[in-house]
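Our numbering applies: residue 339 is where the sequence shown begins, and numbers increase by one. Below is one structure; the comments refer to it alone.
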Amino acid sequence: MTLFDSIRAAAAEVAAGARHLRIRHDRIAAFAASLPLTSAPTGLDPALHYVEPERDPEGTAAFVLTLDSVNFGSGWFPAVFGPQASGYAEVAGALAGHFRTGGTPTAAALARLDGTGAAALTGLDPRNPDARALADLFARALNDLGRLVEAGHGGRFLGLVEAAGGSAEALVQSLRRMPLFEDVADWRGRRVPFLKRAQIAVADLALAFGGRGPGRFADAGRLTIFADNLVPHVLRHDGLLDYSPDLAARIDRGEPIPAGSEEEVEIRAAAVHAVELMRAALGDAVTSVQLDHILWNRGESGGYRRWPRHATRSVFY
Numbered sequence: 339m340t341l342f343d344s345i346r347a348a349a350a351e352v353a354a355g356a357r358h359l360r361i362r363h364d365r366i367a368a369f370a371a372s373l374p375l376t377s378a379p380t381g382l383d384p385a386l387h388y389v390e391p392e393r394d395p396e397g398t399a400a401f402v403l404t405l406d407s408v409n410f411g412s413g414w415f416p417a418v419f420g421p422q423a424s425g426y427a428e429v430a431g432a433l434a435g436h437f438r439t440g441g442t443p444t445a446a447a448l449a450r451l452d453g454t455g456a457a458a459l460t461g462l463d464p465r466n467p468d469a470r471a472l473a474d475l476f477a478r479a480l481n482d483l484g485r486l487v488e489a490g491h492g493g494r495f496l497g498l499v500e501a502a503g504g505s506a507e508a509l510v511q512s513l514r515r516m517p518l519f520e521d522v523a524d525w526r527g528r529r530v531p532f533l534k535r536a537q538i539a540v541a542d543l544a545l546a547f548g549g550r551g552p553g554r555f556a557d558a559g560r561l562t563i564f565a566d567n568l569v570p571h572v573l574r575h576d577g578l579l580d581y582s583p584d585l586a587a588r589i590d591r592g593e594p595i596p597a598g599s600e601e602e603v604e605i606r607a608a609a610v611h612a613v614e615l616m617r618a619a620l621g622d623a624v625t626s627v628q629l630d631h632i633l634w635n636r637g638e639s640g641g642y643r644r645w646p647r648h649a650t651r652s653v654f655y
């Protein structure tokens with residue numbers, strides 16, 4: 339069984355035994371057929387990302403790995419950027435601006451970065467106590483990345499990517515050596531891997547390089563969705579996930595759902611499995627990653643912002 343098979347198997351088991359929600363299997367096929375499959379992105383948005391695969395492949399790889407090392411914080415974002423802002427866009431845009439004007443940070447520089455430096459790099463306001471707390475976590479993540487690239491790959495970010503030999507699974511396994519990438523939960527004594535940010539790093543590299551060179555992964559089609567709190571939020575309000583009255587009420591009044599709790603693991607796992615059911619209903623004409631992008635963009639651009647989504651302060655999303 340591959341790593342990605344194990345993620346799918348664990349998600350299916352959790353979804354089948356979930357106490358706090360259920361998948362509406364009767365609605366899967368019709369909903370999947372209604373999705374705008376051609377809207378899946380074919381590249382990273384250059385307005386938000388530093389993407390120069392021909393001119394600066396090292397910088398492009400460094401940007402993707404740096405961004406996805408700090409691609410978490412949704413539980414902090416309302417207090418940091420405001421309730422209606424896209425925290426991802428704020429952080430990605432600030433980081434891209436630094437790469438364009440200040441150049442690519444070296445692995446050695448990332449390895450010794452402190453919270454103040456991480457705040458400057460990612461556009462966080464250090465006067466805000468929530469932003470300071472998040473910046474300290476960003477610094478830990480970037481320290482880990484810098485040390486991994488410096489010690490194991492001669493300071494070359496492309497070296498980390500190339501060492502995977504075109505295998506998405508191998509790169510995910512390398513990234514999860516960093517503690518803040520080891521996104522594995524416990525559910526009733528069962529290990530449930532999600533590995534959201536490690537998987538999204540692979541997908542982002544593929545988009546940044548157009549699926550060529552450092553962005554070519556033979557098993558990229560086996561990636562799962564990137565389990566966070568936006569895709570299940572979309573699926574809940576589109577009628578694909580039924581939450582228990584208690585869980586729904588807690589989310590709707592803005593009560594945090596603790597990271598690693600039974601409810602939180604079930605929400606993420608049910609989203610993973612529901613998307614796998616959609617992919618199967620579509621005859622595997624689309625990948626899980628493409629469905630993730632479609633659903634994520636739906637949640638970012640639609641009317642879904644008026645409803646609270648489940649919130650937790652987690653280093654995994």
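Beta carbons: idealized from backbone N, C-alpha and C, even for Gly.
In three-state terms, what does DSSP make of residue i?
i           : result
residue 709 : Nothing can be reported for residue 709: it is not among the residues displayed for the chain, which extend from 339 to 655.
residue 361 : strand
residue 450 : coil
residue 642 : helix
residue 522 : strand
residue 485 : helix
residue 528 : strand
residue 470 : helix
residue 512 : helix
residue 593 : coil
residue 505 : coil
residue 496 : helix
residue 343 : helix
residue 567 : coil
residue 550 : coil
residue 622 : coil
residue 463 : coil
In angstroms, rounded to a whole number, what distance separates the CA positions of residue i and residue j?
i           : j           : result
residue 494 : residue 587 : 48 Å
residue 390 : residue 642 : 33 Å
residue 521 : residue 583 : 28 Å
residue 508 : residue 498 : 10 Å
residue 503 : residue 487 : 16 Å
residue 379 : residue 631 : 7 Å
residue 444 : residue 397 : 10 Å
residue 367 : residue 374 : 14 Å
residue 613 : residue 646 : 21 Å
residue 473 : residue 447 : 16 Å
residue 567 : residue 459 : 25 Å
residue 621 : residue 370 : 11 Å
residue 466 : residue 429 : 15 Å
residue 592 : residue 415 : 14 Å
residue 639 : residue 381 : 18 Å
residue 648 : residue 547 : 33 Å
residue 352 : residue 363 : 15 Å
residue 478 : residue 452 : 8 Å
On a CA-only basis, which of the options is nearest residue i? Give me that one, please.
i           : options            : result
residue 372 : 617, 642, 398      : 617
residue 455 : 481, 351, 350, 606 : 481
residue 636 : 502, 396, 569      : 569
residue 386 : 410, 426, 573      : 426
residue 624 : 532, 559, 393, 342 : 559
residue 505 : 461, 553, 475      : 553
residue 419 : 439, 461, 598      : 461
residue 540 : 524, 358, 500, 441 : 500
residue 340 : 597, 531, 589, 457 : 531
residue 358 : 347, 589, 393, 471 : 589
residue 347 : 615, 599, 543      : 615
residue 471 : 525, 393, 413, 533 : 413
residue 585 : 572, 600, 653      : 600
residue 542 : 361, 406, 410, 350 : 406
residue 683 : 604, 515, 423      : This structure cannot settle anything about residue 683, because the visible part of the chain is limited to 339 through 655.
residue 653 : 394, 536, 421, 611 : 536
residue 573 : 619, 556, 610, 476 : 610
Tell me residue i's beta-bridge partners as DSSP assigns them.
i           : result
residue 579 : 361
residue 572 : DSSP, once it has assigned bridges, lists no residue as partnering residue 572.
Please determine whether the Cβ atom of residue i lies at a distance below 6 Å from any heavy atom of the ligand SAM.
i           : result
residue 500 : What this structure holds is no ligand at all, so the ligand SAM is not there to describe.
Open item on the list: For a minimum of 4 consecutive residues, which ranges assigned as the alpha helix (DSSP H) are wholly contained in the segment 365-425?
Closed with: 395-407, 415-419
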